[in-house]
Amino acid sequence: MKRTFILISVLSLTMPGLRAEERTYGDVKPRLYLTERDVERARAQASAPELRTTYEKMESDAARSLRNWYKRLPRGERRSMQDLFDHARADTRQPDYLSDAAAYAIQPTDELAEMIREKLLVEAGIADVHGSWRQLGIHEGERLCRFLRAYDLMAATGVFAPEEKQAVRSCVERSARFLEAWTMENDLTGVYQGQSYCFNIKFYPYLMLATVAMYYPEMEDAPRWLALAQEKIPGLLFTENFIDGAYGEGSVHYLHPTMDGMLYYLAASRNLGYKDYFKENPSLMAQLRRMLWWRMQLIAPDGRKAAVGDAHRAPVGADLLERAGSLFGEPRFTWASRYILSQTTGGRLLSAYDLLEYDCTAPAEAPDNLSANFVWSGYALFRSGWKPDDNFLMFKYGPTYCGRRETDRQLVLSGHAHADALSMELHWDGVPMLVDPGYRGRYENSATYGGFWRATVSHNTVGLGNPWGYDRQDGRMEEHCRRHGGEFRYEREQRSIGRQDYSLDAFGDVGGMGVVSAEANTYGHVRHRRSIVWWRDNSLTVVSDRLRSDRVQPYELYFWPVGDPVARGGECFSFGDSTARLDILPVGTDSRSVRLIRRGDPSAPPYYMALDGDLKTDRGWDGGPDAHWGFTTLMVQSRRAAGADYLNVLIPSRNGNPYKIEKEGSSGRLLVRGDERIAVVPSRSRGGSVTHSGDFAVVRTLGGRPADFVLGEGTRLAWQGHTLVAARQTERQWEPLYDPRFHAAVCLEARRASLTFHASPLEQRMMVAPPMKVEGQEPFLPLLMEVTLWVGRRPHRMVALDSDSRVPQLDDPRWDAALVRSGLARTDPFHADIEARLRRRPVDFTWDEVSGCVTFTLPVNSRGASGFYQIVWE
155 MKRTFILISV LSLTMPGLRA EERTYGDVKP RLYLTERDVE RARAQASAPE
205 LRTTYEKMES DAARSLRNWY KRLPRGERRS MQDLFDHARA DTRQPDYLSD
255 AAAYAIQPTD ELAEMIREKL LVEAGIADVH GSWRQLGIHE GERLCRFLRA
305 YDLMAATGVF APEEKQAVRS CVERSARFLE AWTMENDLTG VYQGQSYCFN
355 IKFYPYLMLA TVAMYYPEME DAPRWLALAQ EKIPGLLFTE NFIDGAYGEG
405 SVHYLHPTMD GMLYYLAASR NLGYKDYFKE NPSLMAQLRR MLWWRMQLIA
455 PDGRKAAVGD AHRAPVGADL LERAGSLFGE PRFTWASRYI LSQTTGGRLL
505 SAYDLLEYDC TAPAEAPDNL SANFVWSGYA LFRSGWKPDD NFLMFKYGPT
555 YCGRRETDRQ LVLSGHAHAD ALSMELHWDG VPMLVDPGYR GRYENSATYG
605 GFWRATVSHN TVGLGNPWGY DRQDGRMEEH CRRHGGEFRY EREQRSIGRQ
655 DYSLDAFGDV GGMGVVSAEA NTYGHVRHRR SIVWWRDNSL TVVSDRLRSD
705 RVQPYELYFW PVGDPVARGG ECFSFGDSTA RLDILPVGTD SRSVRLIRRG
755 DPSAPPYYMA LDGDLKTDRG WDGGPDAHWG FTTLMVQSRR AAGADYLNVL
805 IPSRNGNPYK IEKEGSSGRL LVRGDERIAV VPSRSRGGSV THSGDFAVVR
855 TLGGRPADFV LGEGTRLAWQ GHTLVAARQT ERQWEPLYDP RFHAAVCLEA
905 RRASLTFHAS PLEQRMMVAP PMKVEGQEPF LPLLMEVTLW VGRRPHRMVA
955 LDSDSRVPQL DDPRWDAALV RSGLARTDPF HADIEARLRR RPVDFTWDEV
1005 SGCVTFTLPV NSRGASGFYQ IVWE
């Protein structure tokens, strides 16, 4: 017997044009991913001002969905399940039903219920036609998850007859068996699967096998599926992703399906009374937090994301962070979600279903970190803040993959990573200035998807040109392909970077600026070191690239500035539009070696999709024309040599370079504005006010006094004959075994310095005869570096933190409390050892009144020392 329900819709009380009505079908009672409390909250929030546009869009979308469905299946008598299955055989287009189900949950009507029933049964019929919905495990799993999200909302409403529920159950079981096939492995494929492997092809099927087993525990194989999935899910999550939280396939976009499915699985497990991972598995929860933290750190000031790997700048991820904020009780995730939406959609949620997961009362708190370094995966990020008009830098320096893909030496189509080692993105005043063009297209179009969007040439890094010396604008692409084969390109791709192929050489956040340096073996026979100096207040950036090989190479430095080239001013190359400008100043580079290729240039190679004159921005993926990043210019700086050094200054501004450019020494440059001077000096420069022994040096002065200075791997930096920073070994026995060069960055206003030394030889290789204090007896002879640092005024005290990612404080209550609780006193003979292991130590220094320098000693091979020192003083 049918029951009749009377419901006064919450929306009918708050929005015009709605009225209460009698309904044949009942209320939703979700139990899988959502609860009835979620539905009640969504209805109660209908009057919230911040959700008004989302509710209005839900209404209009539901009305349009009804109209479109009636065009596909004209309205009439209630169709039988067999009629709907017959329609699925004739028309296999996927119906859109999830937003409709959410609309019914919030504002139920019989008309919506009947349409959703038809759509879900047609969807089940489509799976019956093909045996599955999709070919690959990830896509089948995503479609099953979407199906269950909608079905679970409608299952208790009475709209489905018993035989229809049985048909749905059979459809879900068939999908689960299809997914199980994707999890099967033998001894070889358990380690490596080549082109066929993709992390989510394995991971998502396990998530859905467990979900089906919990939702339908009466299925014959449910216990086995659940046990298998509960074993495999944590293992895959840890082994196939970086332990610092970065996604293992080198793509920010494909983190989303991983985390999306994982969070739904966790919610289902808890809601259905199985494992409550949030309470029972803290290590798994910690890894998920790290992965979400990584995603959050990639948010650019415009609310979009840095385009790492297969990625685009759509606001995908806002829904993920909103749900994670609630599940983990993390207000920073909640804030990040709402910030993304505020900058990209005007605050409107991405779908009607998101209304069921949104909590207006959830606390939201902006992150307060201004830098992050993910040392296992190789991502360094700096920002001036978390507001729309802030500055931002992202530098990618680590491995291409983590997990099974680590054995790949070259990119393959299914891996999602790009040939983008040592690439970077730069934003100023909230505006993208130097960007990764991202990707467009489909896997099937290998010539563009794999041949350009993933290629080294489409990233802000250094690559190699073709070995024949062909000019990329010679217009002879077809001729070259006939001669050299269809794989011909005007440039060569970097190989995949493994864990032993790269090193982090320096990282420091010294308040007014950030510095980072890393080196990678990008072509097997090419070592590339990139060092970046970035000023927090104006995003002015110095980029040094040092390349070495045992043979002559056609090096090419690629920059992708936003906008078109504008009139060249002096030595700078200018790009941009009325919104912002970026001036690029090559230091020590012959301008004749620089080539600019603008969008629409008919001489550009045909596979340069980002420069296609007919390229249209896609509002869903690119954000539309107002996102300012969709159209770019390619700048190429070429050199043919065994070794090459590039030094470039990137100068963002509103209307053009605000600095006057003057010579500094034989080949350096001096940027002048008012009483500010910035000297940028390459290694080969002679004369001038700045002298150094490193790869490069930067000295910024205000009012005739040094304010900031940087030395790129050297032993001494001086200004006007006065030492700014220098270091030497104190024990001569180590001299033939150790490279004393170091990186230094100092900001005097913030009273911070970052010093990075080479690791001890004891940490790099087995030594059979290391220097000992007493011959034949431990301990080893200490390897100490004596540092001389110009600070101008005598410090009261100095503290050093041995860290490659954290920013030190003069006082650290957590550190002090750890020592107090340990019961150690300063007089305890083991205090220094414990202190070193905690990686924080007071610095004993001497002061020279005449030179204005402090001198102190830092250990390189003591316990706990890594060679990375972050120093603060007062």
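Letter by letter, the sequence shown follows residues 155 to 1028 in this note's numbering. Glycine included, C-beta positions come from ideal geometry on N, C-alpha and C. Note that the coordinates shown come from a computational prediction; the quantities given were computed from them, not determined experimentally.
Query raised in the report: What residue ranges within the stretch 182-234 form continuous alpha helix (DSSP H) runs of no fewer than 4 residues, ordered along the chain?
Result: 190-198, 206-226
Query raised in the report: First and last residue of the beta strand (DSSP E) that includes Asn527?
Result: 525-528
**Report entry** Host alpha helix (DSSP H) of Tyr415 (start-end)
**Finding:** What sits at residue 415 in the sequence shown is Gly, not Tyr. 409-425 is the extent of the alpha helix (DSSP H) around Gly415.
Query raised in the report: Counting pairs of beta carbons, one from the stretch 612-622 and one from the stretch 633-647, are three or more of them closer than 8 Å?
Result: yes
Query raised in the report: Buried or exposed: where does Ser745 fall if 16 or more other Cβ atoms within 10 Å of its Cβ makes it buried?
Result: exposed
Query - Residues near Arg808 in its chain [Cβ-Cβ closer than 8 Å; skip 5 each side] - result: Asp583, Ala734, Arg735
Query raised in the report: Taking the C-alpha atoms as reference points, what is the distance between Glu867 and Pro949?
Result: 26 Å
Query raised in the report: Less than 7 Å separating the beta-carbons of Leu739 and Arg753?
Result: no
Requested in this report: Return the Cβ separation of Phe314 and Arg271 in integer angstroms, given the expectation that the two are a contact with Cβ distance under 8 Å.
Outcome: 6 Å
Query raised in the report: In three-state DSSP terms, what is Tyr1023?
Result: strand
Query raised in the report: Can you pull the DSSP bridge partners for Ala534?
Result: Asn527, Phe549
Query raised in the report: Cβ of Ser531 within 7 Å of Cβ of Gly463?
Result: no
Requested in this report: Please list, in chain order, all residues of the same chain as Cys325 whose beta carbon is under 6 Å from its beta carbon, the five residues on each side excluded.
Outcome: Ala278, Ala281
Requested in this report: Provide the residue span of the beta strand (DSSP E) that contains Lys927, from first to last.
Outcome: 926-928
Report task. Would you list the residues sitting across from Gly866 in a DSSP beta bridge? Result -> Phe850
Report task. Return the chain-ordered ranges of every alpha helix (DSSP H) run that is complete within the stretch 910-950 and spans a minimum of 4 residues. Result -> 915-918
Query raised in the report: Comparing alpha-carbon positions, which option in Ala672, Arg993, Asn811 lies nearest Ser693?
Result: Asn811
Requested in this report: Express the C-alpha separation of Ser219 and His293 in angstroms, rounding to a whole number.
Outcome: 24 Å
Requested in this report: Please list, in chain order, all residues of the same chain as Val670 whose beta carbon is under 6 Å from its beta carbon, the five residues on each side excluded.
Outcome: Ala534, Phe549, Phe661, Ile686
Query raised in the report: Below 7 Å between beta carbons: does that hold for Leu1012 and Met939?
Result: yes
Query - Alpha carbon of Gly539 to alpha carbon of Pro517, nearest angstrom - result: 20 Å
Report task. Return the chain-ordered list of same chain residues with a C-beta closer than 7 Å to the C-beta of Gln497, the five sequence neighbours on each side being excluded. Result -> Asp456, Gly457, Pro542
Query raised in the report: Do you know how far the Cα of Ser820 is from the Cα of Thr869?
Result: 21 Å
Query raised in the report: Quick one: is Gly569 buried, meaning 16 or more other Cβ sit within 10 Å of its Cβ, or exposed?
Result: buried
Requested in this report: Look up Gly730 in the DSSP assignment and say whether it is helix, strand or coil.
Outcome: strand
Query - CB-CB length for Asp691 against Leu524, believed under 8 Å - result: About 12 Å; that fails the 8 Å criterion.
Report task. Kindly indicate which three-state DSSP category Trp888 falls into: helix, strand or coil? Result -> helix
Report task. Could you tell me the boundaries of the alpha helix (DSSP H) in which Thr498 lies? Result -> 485-498
Report task. Could you check how far apart the C-beta atoms of Gly665 and Arg906 are, in whole angstroms? I think they sit under 8 Å. Result -> 5 Å
Query raised in the report: What do you get for Pro756, buried or exposed, if any count of 16 or more other CB atoms within 10 angstroms of its CB means buried?
Result: exposed
Report task. Would you mind listing the alpha helix (DSSP H) stretches within the stretch 743-828 that are 4+ residues and don't spill past its ends, in chain order? Result -> none
Query raised in the report: Can you tell me where the alpha helix (DSSP H) with Met308 in it begins and where it stops?
Result: 291-308
Query raised in the report: In chain order, what residues of the same chain lie with their CB nearer than 8 Å to the CB of Asp398, ignoring the 5 residues before and after it?
Result: Arg444, Trp448, Phe528, Val529, Trp530, Ser531
Query raised in the report: So what does DSSP say about Glu830, is it helix, strand or coil?
Result: strand
Query raised in the report: Nearest CA to the CA of Leu878: which residue from Val853, Tyr892, Phe896, Pro890?
Result: Val853
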